[in-house]
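One structure below.
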Amino acid sequence: DVKVTQSSRYLVKRTGEKVFLECVQDMDHENMFWYRQDPGLGLRLIYFSYDVKMKEKGDIPEGYSVSREKKERFSLILESASTNQTSMYLCASRLGRGQNEAFFGQGTRLTVV
Amino acid sequence: AQKVTQAQTEISVVEKEDVTLDCVYETRDTTYYLFWYKQPPSGELVFLIRRNSFDEQNEISGRYSWNFQKSTSSFNFTITASQVVDSAVYFCALSEATGGFKTIFGAGTRLFVKA
């Protein structure tokens, strides 16, 4: 069974902290994505990666960076967390090109205080 | 630029009613893919259906059906005889060739089905 695992379900961090959100997939998928989900705004793409060490900005990359050193792992980094980054973060992976569906993790609810 | 609009924020129906969730998309590509996902209260998004831009054939899967019309840039989703278990947030999504097939989602429609 396919699986995308996010390291934490809930996180509480302080303003200014550096925050790492980890995502691991066991499907050997080339593509991985980070989205944030906010009420009324749906899922907004932060970054995606189509191969190891490759990344592309999504629609809202400001304040975030990513790392993909291994195919199975895609990390989202909040360099200096701010309260407006309080949100639900969803990781997804996808095999090959855009015709395939994405598989999602269970989400990480991040609260920045 | 690609865009997905789900104008219905919330819909509330009584069990056994039929309900249609609307999705309108924008893209300049001729090759693109449309998706519907379901997010139940547990939170994990689940894939429901995919359509490519060259296949306008409608599809039915049990109580679910999808109507894809390129002329109106719409990809609507109908649930027939709704059930309480259909209560969820439903997302329409678009993946296009330009931009490396990144997938863009709409804002979602929250469906409440009351017993």
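Protein sequence lines, in the order shown, are assigned to chains E and R. In our numbering, each residue's number is its place in the first sequence (first place is 1) plus 3. Position 108 (the second sequence) corresponds to 98 in our numbering; numbering is contiguous. Beta carbons: idealized from backbone N, C-alpha and C, even for Gly. The model shown is predicted, which means the values in this text are computed figures rather than measured ones.
Any C-beta of chain E sitting closer than 9 Å to the C-beta of residue 35 of chain R?
The sequence position of residue 35 of chain R within the second sequence is 45, counting from 1. Interface residue, yes.
Would you kindly work out how many angstroms separate the C-alpha atoms of residue 78 of chain E and residue 15 of chain R, rounded to a whole number?
Reading the first sequence from its first residue, position 75 is the one you call residue 78 of chain E. Reading the second sequence from its first residue, position 25 is the one you call residue 15 of chain R. Roughly 30 Å separates the two Cα atoms.
Spatial neighbours of residue 116 of chain E within its chain, please: CB distance less than 8 Å, with the 5 preceding and 5 following residues excluded, ordered by chain position.
Here residue 116 of chain E corresponds to residue number 113 of the first sequence, with the count starting at 1. These residues qualify, in order along the chain: 15, 16, 17, 18 and 86.
Of all the CB atoms in chain E, is at least one closer than 9 Å to the CB of residue 92 of chain R?
As a working note, residue 92 of chain R is residue 102 in the second sequence. Answer yes: the Cβ-Cβ gap between residue 92 of chain R and chain E drops below 9 Å somewhere.
Under the three-state DSSP convention, the category residue -2 of chain R falls into
By one-based count along the second sequence, residue -2 of chain R stands at place 8. Looking at residue -2 of chain R - three-state DSSP - the assignment turns out to be coil, as it is neither helix nor strand.
Using beta carbons (cut-off 9 Å, strictly below), is residue 107 of chain E in contact with chain R?
Within the first sequence, the letter at position 104 stands for residue 107 of chain E. It does: the Cβ of residue 107 of chain E has a partner Cβ on chain R nearer than 9 Å.
Tell me which residues share the same chain as residue 88 of chain R and place their Cβ nearer than 6 Å to its Cβ, disregarding the 5 neighbours each side in the sequence.
Translated into positions along the second sequence, residue 88 of chain R becomes position 98. Excluding positions up to five away in sequence, the list reads 19.
For residue 99 of chain E, which residues in the same chain have their Cβ closer than 7 Å to its Cβ, ignoring the five residues on either side in sequence?
For the purposes of this step, residue 99 of chain E is taken as residue 96 along the first sequence, with counting starting at 1. Here the set comprises 33.
Which one of R:92, R:67 and R:44 has the shortest CA to CA distance from residue 53 of chain R?
Your numbering for residue 53 of chain R matches position 63 in the second sequence. Nearest option by C-alpha distance: R:67.
Expressed to the nearest angstrom, what Euclidean distance is found between the alpha-carbon atoms of residue -5 of chain R and residue 30 of chain R?
Stepping through the second sequence from its first residue, residue -5 of chain R is reached at position 5. Stepping through the second sequence from its first residue, residue 30 of chain R is reached at position 40. Spanning the two alpha carbons is a distance of roughly 20 Å.
What are the complete beta strand (DSSP E) segments, minimum 3 residues, inside the stretch -4 to 82 of chain R?
0 to 4, 9 to 11, 14 to 16, 22 to 29, 36 to 42, 49 to 51, 54 to 59 and 64 to 69
Since I believe residue 80 of chain R is in contact with residue 6 of chain R (beta carbons under 8 Å), could you give me their beta-carbon distance rounded to a whole number of angstroms?
Start at 1 with the first residue of the second sequence, and residue 6 of chain R comes out as number 16. Start at 1 with the first residue of the second sequence, and residue 80 of chain R comes out as number 90. Residue 6 of chain R to residue 80 of chain R, Cβ: 18 Å. No contact.
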